[in-house]
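Q:
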Amino acid sequence: MVEKALGVEGDDLLYVGDHIYTDAALAKINFRWRTALIIRELELEIDALARGRPHRDALKELMVKKELIGDVWGYLSRAGLNDKSQLNRQIEKYADIYTSRVSNFLRYTPYSYFRSPSQSLAHDRNLSRYYDTIIGGSNGSGSGGHGGHGGGGVNAGGVNGGGHNGADTDPEHEQDMA
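Going by my numbering, the sequence shown opens with residue -17, and the numbers climb by one from there.
(1) What residue range does the alpha helix (DSSP H) around V(-16) cover?
(2) With R33 as the anchor, note down where its alpha helix (DSSP H) starts and where it stops.
(3) Run through DSSP, which three-state label would I21 get?
(4) Sort K47, A77, G(-11) and E23 by Cα distance to Y3 and report the nearest one.
(5) For the alpha helix (DSSP H) holding L8, just list the boundary residues, first then last.
(6) Quick one: using the 10 Å Cβ neighbour count with 16 as the cut-off for buried, is I11 buried or exposed?
(7) Following the continuous beta strand (DSSP E) through Y(-3), name the residue where it begins and the one where it ends.
(8) Determine the DSSP secondary structure at G(-8), reduced to helix, strand or coil.
(9) Tell me whether Y90 sits in a helix, a strand or coil according to DSSP, three-state version.
(10) Which term fits A149, buried or exposed, when burial requires 16 or more other beta carbons within 10 angstroms of its beta carbon?
(11) If you follow the beta strand (DSSP E) that T81 is part of, which residue opens it and which one closes it?
(12) Buried or exposed for Y95, going by 16 or more other Cβ atoms inside 10 Å?
(13) Using DSSP with H/G/I as helix, E/B as strand and the rest coil, what is G124?
(14) Which one of L69, Y93, R97 and S98 has the shortest CA to CA distance from I21?
(15) Based on DSSP bridge pairs, tell me the residues matched to R16.
(16) Between the Cα of T81 and the Cα atoms of Y93, P92, R71 and S98, which residue gives the shortest distance?
Okay, structure coming up:
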C-alpha cells in the first residue's frame, strides 16, 4: 500500500524506526525495505569511547610489551576490542544504517542512498577525525551534526551504518550513513 502510493518498492524505500524488532526487522523481512535504526543512547556511548581513547592507547602499548615477553598468561579478557555485543549483531542483521536522531537526516535529500561499510559498524571506526565536528571540539558540547562518532549509517550525530550524528560518513565510501 505504501509502495503503491509512493510509486516505489523494496530497496527504493528507507524505513526509519527506533525499535529493532517492530521497526527494522519487520520492515526488512516482510517488505524488503531498507532500514534506518534510531538509537538515542549512541551519543553517550560514542562520547565515552572518545574519552577512553587515551586508556585504549595505553592498553595497546601494554599489549605490545606483553607480546614481546611471550604469551605466558593467556588472554587478558574475553571481551576484547573485536568482540561484538548481541545488540551489535542484531543491528548488523536488521538495520542497513542507524543513528541517534531522525533530525540527522535533515542535511540529506530524499534521494540520498546511505550504506554502511560491510563487516563494520560505523561507530567502530576511528573517531578522531570526526570528534571535533560532532562533539564540538574539546568542550564536549556535541551538536549531533554530521560527524564521525556514533556509527555507520546515520550515527549518533548523523546518519551512519554506525553511530555519529546525522551521517557518519567515511570519505572512502559513497554516502555512508552518519
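Ideal Cβ placement from N, Cα and C applies to all residues, glycine included.
A: The structure says:
(1) V(-16) to L(-12)
(2) For R33, the enclosing alpha helix (DSSP H) stretches over residues L24 to R33.
(3) coil
(4) A77
(5) L8 to F13
(6) Taking a 10 Å sphere around the C-beta of I11, we find fewer than 16 other C-beta atoms and assign the residue as exposed.
(7) For Y(-3), the enclosing beta strand (DSSP E) stretches over residues L(-4) to G(-1).
(8) helix
(9) coil
(10) With a pLDDT of 42 at A149, under the threshold of 50, the modelled position of that residue is not reliable, and the figure given next carries that caveat. Buried, by the Cβ-count rule.
(11) I79 to T81
(12) exposed
(13) Confidence at G124 is low in this model, with a pLDDT of 38, below 50, so its placement is unreliable and the value that follows should be read with caution. Three-state DSSP puts G124 in coil, outside helix and strand.
(14) L69
(15) For R16, DSSP records a beta bridge to L(-4).
(16) S98
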